[in-house]
Every structure is written in C-alpha cells, then in structure tokens.
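Each remark here refers to the structure printed beneath this line.
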Amino acid sequence: MNIVVMIKQVPATDKVKMDEATGTMIRDGVASELNPLDLYAVEEAVRIKERLGDVTISVLSMGPQKAAEAIRSAIALGCDKGFLLSDKKFAGSDTWATAYTLSTAIRKVSPEADLVLCGERATDGETGQVGPEVGAYLEMPILTYVSRIEEIGDGRIKAHRAVEGGHEVVESSLPALVSVVKEINEPRMPNLKGKMQAKRTEVPVLSAEDIDADDSRLGLKGSPTRVVKIFRPQLARRGTIVSAQPDADAAVEGVVDFLIQRGAL
Amino acid sequence: MTKQNANQTKAVWTLGEVRNGQIHTVSYELLAWGRGLADDLGVELVSVILGSGIKDQAQALIHRGADRVLVVDHPELEHFTVDPFAEVLTALIEEHRPDVFLASATSQGRTIMPVLAVKVGAGLTADCTELSIDPEEKLLIQSRPAVGGNIMATIKTPTLRPQMSTVRPKSKRPLPIDTDRQGEIVVKEFSQDKLASRVKRIDFIAEDTIGAPIQDAEVIVAVGKGLRDAKHLPMIEELVSLLGGSVGASRRAIDQGWISYSHQIGLSGKTVSPRLYIACGISGAVQHLAGIQSAETIVAINSDPDAPIFGVADYGLVGDLFEIVPLLTEKIRQRNKEAE
Chain A
3 MNIVVMIKQV PATDKVKMDE ATGTMIRDGV ASELNPLDLY AVEEAVRIKE
53 RLGDVTISVL SMGPQKAAEA IRSAIALGCD KGFLLSDKKF AGSDTWATAY
103 TLSTAIRKVS PEADLVLCGE RATDGETGQV GPEVGAYLEM PILTYVSRIE
153 EIGDGRIKAH RAVEGGHEVV ESSLPALVSV VKEINEPRMP NLKGKMQAKR
203 TEVPVLSAED IDADDSRLGL KGSPTRVVKI FRPQLARRGT IVSAQPDADA
253 AVEGVVDFLI QRGAL
Chain B
17 MTKQNANQTK AVWTLGEVRN GQIHTVSYEL LAWGRGLADD LGVELVSVIL
67 GSGIKDQAQA LIHRGADRVL VVDHPELEHF TVDPFAEVLT ALIEEHRPDV
117 FLASATSQGR TIMPVLAVKV GAGLTADCTE LSIDPEEKLL IQSRPAVGGN
167 IMATIKTPTL RPQMSTVRPK SKRPLPIDTD RQGEIVVKEF SQDKLASRVK
217 RIDFIAEDTI GAPIQDAEVI VAVGKGLRDA KHLPMIEELV SLLGGSVGAS
267 RRAIDQGWIS YSHQIGLSGK TVSPRLYIAC GISGAVQHLA GIQSAETIVA
317 INSDPDAPIF GVADYGLVGD LFEIVPLLTE KIRQRNKEAE
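Respectively, the protein sequence lines represent chains A and B. Under this note's numbering, the residue at position 173 of the first sequence is numbered 175, and the numbers go up by one with no gaps. Under this note's numbering, the residue at position 42 of the second sequence is numbered 58, and the numbers go up by one with no gaps.
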C-alpha cells in the first residue's frame, strides 16, 4: 500500500508578523515547526504501516527550502521518504493553487497512492480547504474529519467522522483522501533511530517543471482569491467596570440591576 | 429540469443545510447574510437545498429571506456525502453561475465547498465572520480570522464566479420569520445515475450531551483558568440552571480537563451568540474573544483588573469569582421571587 501524507511547515508561534502591504506572513526569522495538526496524519500513516507491514509512506510538502526540516521530522517519526515542492513560481498560492500544485505532484511521485492523508487544517492559515481540494483534483472519494480508521485494506476503508452531534461511520473504496482530527490518535515522539534515519534521508526538491505543472495555475497569478487587507481585530465594547472590593454585595446588586434594565435576564 | 431563464441572472446563492431530515438553523443565518448582500447588489437571493423528503420545508427558507428556493429532493441525498452533492451543485452552479455562493462553515460546508471550488473553477474563502459588498467594484468583501484570531484578513475574488465563502455559524442571527414573504420554489430533478456515492454512510453514533449544545444556548456561563479546579463547577452549574443556559469554557479550562471539548468557546472551539454571556475567571485571549463577539450582553468576572476580557465586557466585576458568583445566583433568585 502506498500512502502520501501532505504536511505543512508553520510558524512555531501564533504571534506571527504580517507584511501589511502584501497581506502575507513574514516567515523569515520566525522559528518553524511541523503543523501540530499534521502530526496526527503522520501518526496514523505510521500506525497503518505497523498494522499492515507492506506500506510505503511518502511525505509531501510545499514551501521554502527550509520546509525540508518539517519533512525530516515526519521521517523521524516513521515515514519512508519525502518530497519538497519549492519554486519561486509557487509563491503567493492560495488554497486553490496550492491544491493544484500538490495534486499534480502526487500524480508524479506517487501515481499509485492508495491513501492521501492530511491534518484537518494548518494552524497558520486555518482554512482546512487544501485537503478536500486535493481530493477533488485527484477525483478521489473524500473523507474529512476522520476520528478513527476502523478497517483499511483490500481497496476499502471503514472510518468514523467526527461531525456535529456525533460520529458518522462510513465506508469507501480506495484510493481516497482522508483528513484526520486530533481525536484519532496520540502522536508519538521521535526516537533516536528515527532521528538518525531522518538525517540520512535525502529530500528531493521538485520544481514546477519537475511536476509538469501548468504555470498559469501556480502561485499568486494562479490564485482566484486575493488578500486585500490585514488588520488586528477590534473587539472592544465600552462597558461599566466595577470593583467588588470592598462592597461585593453592592457591586453584584449593580450588575443585576443592569441586566434587568437591559432585558438580559 | 424545470424551465429556467437561460440568461444567467445575477444572484446571491446560499446553501441550505439539512441534518436529520430537518433544515438546520445555520441555513437561516446564511440567508440573513445573503439578504444584505443581495440587496446591496440589487439581485435575487436564492437558497439551494438538497435532501430527502424536504420539499415541504422549502417555504421556511422563503419566510427567512429567500426570493427563490432550488430544491433537489431525492432518497440518495438523505445524508450528506461528497459525490452526489458535488454532482448536483456543480451542475446547478454551471447552469446559473451566481455571483456569490455561501455555505456554512460546518462539517458539511467545509467539505463540499472546496470540492466545488475545484469542480467549477472558482475561488473559496474559509470561515468568514464578516461579509459585505464593495460599493464601487460590487465585489464581495470577505473577512476572516487567521493565526489564532490574532489577525483578520480581508479577501476578494476579482475575476472568477461565483465568489464562494464558508461562513462561521452564529456569526449572524437569522432574520425573523415573515410568513407574508412571497417567493418561488423550484424543484430540480436529477437522474439516479448522477447521484451515486463512493462513500457510504453505514451508521451514526450520536453524542450524549446534557442540555442544549453550547452554540444554541441563549445564556452561557463560561469558566476559565480562574475556576482553579473542577470541584468548583457545581457553583457555576447552579447559576446556569437558574438562568436556563449552558456551561461554556475557555481553551485553558478544557486543557485542564475540567470539562469536555464540546463546551469550548473560541476559534478552536465554538462560536456563540447568546443573549447573555457571563465569563468567570476567563482572562480573554484573542482566540476566545473572537468566539463571543456576537453575544448580546457580556458580563465579565475576573480578579485581574487588566484582564483583556474587560475590554469586551458590557459590565465587568473586578473581584473574586468565588465570592461574586454565589452572590449573583442568590440575588437573581431573589429578584425572580419578587417578580412572581
């Protein structure tokens, strides 16, 4: 069985700086990590391999050269090989162009993929769109919000999806695209052997040309959406602030009067 | 197919959502957004609804603001699965090419919309909390939080149509029901072979939740790190049951394991819009505040006068929640008695 895990390198903090002119994140000089929600996809792939034995796990990511670190950290956890999509032409991609690029690369490096796994969303962009978009490009059945893979093999998958109000149990043919949620497993820590393996593994860098991509669909110019402005959210209200010291009773009396007057009770 | 004007009339479309055979209220929230956009553009508001045995409910969408409802009613569409929904919606979008197409940022909407974006070749913006029309360019202006709510981004789709967005549930209240509103209900037929699905739903395991789901609650008393220990929850629950609401929690309280994830409020949990929100011992991280923006009245109780939660409160009490909450419960109970 061939599994492709799509991952993303993200800023290691949520206090990222933005370039207010272009509306993009400033990634230089910011510590990076493998998107925490992708760890669940990596872990699930490794568990499937441990269960079934004859499984090859390829990790795929699009990003700057240093995103190879994120791929190596997935290899350290038990994935077999990795590919980094890195090309100036990819810069400024929205989810649509990103999904086009990733799916084109999957056709190239793992045309026999039985399972394409990804996390629910990345912690920086937080769209959760790239996974299902890749599934649509590859014309695969799409299973999102998967919280448990009950059975997999023989061209079939049986899984649980965490949706509003409960869990849906579904069955699908393979190949399929599966996005997983936190609930699915507890990701392991890398061991020494894994780290050594990761160090030794070459991560080939693929350009637009390497994957025979249509240039008009790449990067900013291939992206239908445009970030036109970024701003800090303004959430302020102008309320009454009262200290409960020394007279808590009077303070609470005050809030009750306020709520009654406002019709909030 | 019903006869439809072949001229691709400009329109705003919303995707209705059916859960357990019933039109879900998120469909009406979307219509409230859509109504404003359609009026600003001077175009028709159309709601599209897919399901099984739902024809008779379509009128409710008109009463909530739609000018027209497109209904696809078929046993194969009883539960949401990607393949038949994508097939039907792609065909409808390609036939009419609306200007704007909105769906809720629910598990259904967040799954089907990316697929449609690829199939119809249009851009998609995730999880919008604010939508409007640019008065000059007549383009849809989509705003959404990113990076844990620290940033809001405004996004446009300049050329491709429809301009598609998923919209955060509870980011707007539904319009009141207006039974005098008139509109057209159009039933669209699809042949069985278009409705096959490679994914089959074989079971549903319902979650046991006590009380109303947090996102539907009219009153929420929420706890944060200031609660210090799960053993103090009964004090909160007493106030909650008096007010007839639900208990909410910040991420910090969830991470402590005091209460289950389904109670989490904020960007990584649920967005809520209750009539009354009482925050107890919640400092007010941006990611939490982004989830309570549309609450009607916010009361904050915190011992730290500099806590950011006071910046969004309509009424703030600086002090010890273990003193204030029981007092509040007692006084409200007293007032209720006096009112009887």
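Ideal Cβ positions, reconstructed from N, Cα and C, are used throughout, including at glycine. Just so we're clear, the structure is a prediction, and the values are computed from it rather than from any experiment.
Cutoff 8 Å: residue i Cβ touching any chain A Cβ
i	result
B:Met251	no
B:Arg214	yes
B:Tyr331	yes
B:Ser310	no
B:Ile275	no
B:Lys172	yes
B:Glu339	yes
B:Ile236	no
B:Lys347	yes
B:Asn21	The predicted position of B:Asn21 is uncertain, since its pLDDT is 41 and thus under 50; a value taken from the coordinates is nonetheless stated next. No, no contact with chain A.
B:Gly260	no
B:Gly32	no
B:Leu343	yes
B:Arg291	yes
B:Gly307	no
B:Glu223	yes
B:Ile70	no
B:Lys210	no
B:Ile218	yes
DSSP state of residue i mapped onto helix, strand, coil
i	result
B:His304	helix
B:His112	helix
B:Ala27	strand
B:Asn352	helix
B:Pro321	coil
A:Leu179	strand
B:Ile193	coil
B:Lys216	strand
B:Ile149	strand
Pairwise C-alpha distance: residue j and residue i
i	j	result
B:Thr160	A:Val165	Before going on, a small fix: residue 160 of chain B reads as Arg here, not Thr. Each residue's alpha carbon lies about 22 Å from the other.
A:Lys10	A:Ala99	15 Å
A:Ala101	A:Glu135	6 Å
B:Ile221	A:Lys223	44 Å
A:Ile77	B:Ser284	28 Å
B:Leu255	A:Ala14	39 Å
A:Lys51	A:Lys197	18 Å
A:Glu185	A:Ala250	43 Å
B:Leu47	B:Arg177	19 Å
B:Gly137	B:Asp232	35 Å
A:Glu170	B:Glu223	11 Å
B:Val328	A:Gly241	7 Å
B:Val34	A:Gln199	49 Å
A:Pro143	A:Thr129	20 Å
The ligand NAD heavy atom lying under 7 Å from the CB of residue i
i	result
B:Lys347	With respect to small molecules bound, the structure shown includes none, and the ligand NAD cannot be examined in it.
Own chain residues within Cβ distance below 7 Å of residue i, not counting five before or after
i	result
B:Gly184	In the sequence on display, residue 184 of chain B carries Arg and not Gly. Excluding residues within five positions, the ones whose Cβ falls inside 7 Å are Ala121, Asp143, Cys144, Thr145 and Thr287.
B:Met17	The pLDDT assigned to B:Met17 is 33, lower than 50, so where the model puts this residue is not dependable; a value taken from the coordinates is nonetheless given after this. Once the five neighbours on either side are set aside, the close Cβ partners of B:Met17 are Lys204 and Glu205.
A:Leu261	Leu267
B:Asp130	A quick correction: the sequence has Pro, not Asp, at residue 130 of chain B. Closer than 7 Å at Cβ, skipping near neighbours: Leu140.
B:Ser289	Lys186, Arg189, Ser310 and Ala311
B:Lys154	Leu57
Proximal residues to residue i (C-beta, below 6 Å), its chain only, five neighbours per side dropped
i	result
A:Gly168	none
B:Gly1	With chain B covering only 17 through 356, there is no way to say anything about residue 1 of chain B.
B:Thr14	Residue 14 of chain B falls outside the range modelled here, since chain B spans only 17 to 356, and no answer is possible.
A:Ala124	Lys10, Val12 and Asn37
B:Ser380	No statement about residue 380 of chain B is possible, as the shown extent of chain B runs from 17 to 356 and does not include it.
A:Val106	Just to set this straight, residue 106 of chain A is Thr in the shown sequence, not Val. The residues are Ile213 and Ala215.
B:Ile317	Cys296, Leu333, Leu337 and Ile340
A:Lys91	Ala210, Leu220 and Gly221
A:Val44	Val7, Ala76 and Leu79
Min CB distance residue i to chain B below 8 Å
i	result
A:Val257	yes
A:Ser95	no
A:Gln131	yes
A:Val44	no
A:Leu267	yes
A:Leu145	yes
A:Gln11	no
A:Thr242	yes
Cβ of residue i within 8 Å of any chain C Cβ
i	result
A:Ser174	The structure shown contains no chain C; the protein chains it does contain are A and B.
Own chain residues within Cβ distance below 8 Å of residue i, not counting five before or after
i	result
B:Ala306	Thr145, Pro161, Gly165, Gly282, Leu283 and Thr287
In chain order, which continuous runs of the beta strand (DSSP E) of length 3 or greater are located wholly inside the segment 42 to 96 of chain B?
-> 60 to 67 and 84 to 89
Which whole runs of the beta strand (DSSP E) in the segment 244 to 270 of chain B are 3 residues long or more, in chain order?
-> 262 to 265
Quick one: complete beta strand (DSSP E) runs, 3+ long, within the segment 69 to 97 of chain A?
-> 83 to 87
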